Amino acid sequence: MSEKTVTRMDLSEAVFREVGLSRNESAQLVEGVLAHMSDALAAGDQVKISSFGTFSVRDKAARVGRNPKTGQEVPIHPRRVLTFRPSHLMKDRVAAGNKS
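All the letters of the sequence shown, read from the start, carry residue numbers 1 to 100 under full-length UniProt numbering.
#1: Tell me, which residues are paired with E73 by DSSP?
#2: Taking DSSP as the reference, what is the three-state secondary structure of D45?
#3: Does DSSP classify V6 as helix, strand or coil?
#4: Per DSSP, D59 forms a beta bridge with which residues?
#5: Taking one C-beta from the segment 4-17 and one from the segment 27-47 each time, how about it: are there three or more such pairs within less than 8 Å?
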């Protein structure tokens, strides 16, 4: 399995090669898209990208947890978490990539 991580620089380089914008314009475009997505998620909106997946924010309620070492009960505070649900096309593509 590959250990490569796709970075912002990789994305802007791909935009540069595929679209033909300058490197600066490509980097600004990628930054703008990511900023728009993170602003929407911070506001509690869903971000749905067709054929890729859906990013959403879930509010988790407070609950009582347990320290596995001591068995002592510990309160877990309410929080917001980011979730990603891949589309069926993305799931199929990833599964097909594993067979290679």
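Think of the CB as a built atom: it goes at the ideal place given N, C-alpha and C, for glycine as much as any other residue. All values reported here derive from a predicted model rather than from experimental measurement.
Judging by the given coordinates:
#1: In DSSP, E73 forms a bridge with R66.
#2: coil
#3: coil
#4: R80
#5: yes
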